[in-house]
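For reference, the structure discussed in these notes is given below.
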């Protein structure tokens, strides 16, 4: 049997296991290559009708924000945030969910203001696929996200953070980014983009988005 994307589906049934406000667990049954029934579990932020196993779309649920300051030597905006699943602080890019009716750029501006107090201006140059939607952890979640790029201005402030958020704002230069990569906890997507920051120049901070082939 084919799914909506034209590929063979192995799923026989999908049953919701939990009833939480923001994240829920699903139990799947499937047919393995030997013809036997199997069980699989995944978590999702989506309602039943919007599960990716039903829609097969790539519309991003959330964004991460790669933003640098407007300075002669641009610094990278990072947050050092406490995350409950690891019971520790971790360095990451500012991020958040896209509200209904928002574009990723609009969500980035809102999230940057809420998390850091900084004003975000989106950069839309370079290859469009760099801002495309990519799945974050398809082994256990159907959540896709995208990166938004741009610059920030203003003074960092955490005054709009919710009481459940424990966030420290960092404007990191290249020396500090190297230290963080060597010594601190980071998310993998943050690490990948931090590597690009280390290879960027003050004159062309988003040059890596051009993805030019060597000639």
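Numbering (the working numbering), first residue to last: 113 to 327. Just so you know, even glycine gets a beta-carbon here, dropped at the ideal spot from N, CA and C.
> Taking only runs of the alpha helix (DSSP H) that begin and end inside the region 174 to 238, which ones reach a length of at least 4 residues, in chain order?
Replying inline: You should have 216 to 228.
> If we ignore side chains and look at the alpha-carbon of each, how far apart do residue 286 and residue 308 end up?
Replying inline: Using only the alpha carbons, I get a separation of about 11 Å.
> Does the separation of the CB atoms of residue 123 and residue 142 fall below 8 Å?
Replying inline: Yes; because the gap between Cβ atoms is below 8 Å, this pair is in contact.
>> Just to confirm before moving on: does the CB-CB distance between residue 173 and residue 202 stay below 8 Å?
In response: Contact flag unset, no.
>> Let's see if you can read the secondary structure: which residues bound the beta strand (DSSP E) around residue 143?
In response: 136 to 143 is the extent of the beta strand (DSSP E) around residue 143.
>> Using 8 Å as the threshold, is the C-beta distance between residue 186 and residue 317 below it?
In response: Yes, Cβ-Cβ distance for residue 186 and residue 317 is below 8 Å.
> How is the alpha helix (DSSP H) around residue 284 delimited, first residue to last?
Replying inline: Looking at the DSSP string, residue 284 is not in any alpha helix (DSSP H); the run it does join, the beta strand (DSSP E), is 279 to 284.
>> Restricting to Cα atoms, I'd like to know which of 273, 274 and 305 is closest to residue 189.
In response: Cα-wise, what sits closest to residue 189 is 305.
>> Given this structure, state the Cα-to-Cα distance separating residue 230 from residue 315, to the nearest angstrom.
In response: Between the alpha carbons of residue 230 and residue 315 lies a gap of roughly 22 Å.
> Can the beta-carbon of residue 264 be found closer than 8 Å to that of residue 243?
Replying inline: Cβ distance not < 8 Å, so residue 264 and residue 243 don't count as in contact.
>> On a Cα-Cα basis, can you pick out the residue from 212, 227, 163 and 161 that is closest to residue 279?
In response: When 212, 227, 163 and 161 are compared, the shortest CA-CA separation from residue 279 is found for 227.
> Per DSSP, residue 242 is paired with what?
Replying inline: According to DSSP, residue 242 bridges with nothing at all.
> Closer than 8 Å, CB to CB, is residue 321 near chain C or not?
Replying inline: Of the protein chains in the structure, only one exists, and it is not chain C.
> Could you give the distance in angstroms between the alpha-carbon of residue 132 and the alpha-carbon of residue 159?
Replying inline: So the two alpha carbons sit approximately 11 Å from each other.
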